[in-house]
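Residue 992 in this note's numbering sits at position 161 of the sequence shown; the count goes up by one each step and never skips.
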Amino acid sequence: MQMDSFPEGYRALVIGASGCIGAALVETLRADPRCASVTELARSTTPPLDLTDPTSIGQTSTEVAGQGPFHLIINAAGVLHSDAFMPEKRLADLDHQQLLDTFQVNTFGPVLLLRHFCPLLDRQRGVLAMLSAKVGSIGDNRLGGWYSYRASKAALNMLIKTAAIEVKRSQPNAVLLALHPGTVNSRLSQPFRGSEIGRPASEAADDLLRVIDGLGPEASGGFYAYSGEGLPW
């Protein structure tokens, strides 16, 4: 996968690089001869970036700033379930702590990424993409359920759209995107027949990077599927 819309020697940064899709994105970007460097960030990296720790987000952005400006920043981190909870099927399943934990990783942490990492984007060609989810589309919600996850991704989409409007004023070439990766055979999708209906993470990485490569400033604030299709809010 060669990213032709980015300059020769472009610099990339992947947040959530220890996850299935994040690791695949790192591998694919490193294989691109046009890419000069890929900075990996996760809870286990040095410096560490933990979406549940606001201090680490600000500190880490300062520490990696010298490796930029970055032409591409992707946040591939997210949570659907954990050892403590599974997605809710009905209102009776709603739990306050689960709501907080889900929003912390899928919404609150990512909006702080927008705050601290947008200034690190290259002024000529800079893309900051966040992995969202089609189930975060209010217009496409036909099955219900999955309250915390759906709401956290819908909120993330709004924050990306809002940030895109502001960032455009000072960084007119910046592109902020919400991307739906589809079902991938990963730990996140494993309890939901992910190994049966999901595709390999390497394929998802190629798809996502292809979409990113084809979008310019006019697309900033948009919500797109891995196919390139625009998704309803």
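Just so it is clear, CB atoms sit at the ideal spot from N, CA and C, and this is done for glycine as well.
- Residue His902 holds the alpha-carbon nearest to the alpha-carbon of Ser836 among Ser868, His902, Thr933, Ser963.
- For Arg973, no alpha helix (DSSP H) segment is defined, and its DSSP state is neither H nor E.
- Restricting attention to alpha helix (DSSP H) runs no shorter than 4 residues, the region 974-1015 encloses them at 978-1001, ordered along the chain.
- Between Gly1061 and Phe1054, the gap from beta carbon to beta carbon is short of 8 Å.
- Using a 10 angstroms sphere on the CB of Asp1038, the tally of other CB atoms reaches 16 or more, which defines it as buried.
- Assignment of Glu871 by DSSP, reduced to helix, strand and coil, places it in the strand class.
- At the C-beta level, Val1015 and Gly1029 come within 8 Å of one another.
- Contact between Thr938 and Leu987 holds, with the beta-carbon distance rounding to 5 Å and staying under 8 Å.
- Distance between Met834 and Gln898, taken at the CA atoms: about 20 Å.
- Taking a cut-off of 8 Å for Cβ pairs, the region 939-949 and the region 885-900 touch, as three or more such pairs fall below it.
- Only exposed fits Gly889, as fewer than 16 other CB atoms lie within 10 angstroms of its CB.
- For Lys965, the number of other beta carbons within 10 angstroms of its own is at least 16, and it is reported as buried.
- Spatial neighbours of Gln955 in its own chain (CB-CB distance under 7 Å, excluding positions within 5 residues in sequence) are listed in chain order as Asn1004.
- In the three-state reduction of the DSSP assignment, Arg842 falls in the strand class.
- In this model, Ser913 and Leu844 are separated by some 26 Å (Cα to Cα).
- Annotated as proximal: Gly967 and Ala985, with beta-carbon spacing under 8 Å.
- Judged by DSSP in its simplified three-state form, Arg1030 adopts strand.
- Separation of the CB atoms of Gly957 and Ile996 is rounded to 16 Å, and the pair is thereby denied contact status at 8 Å.
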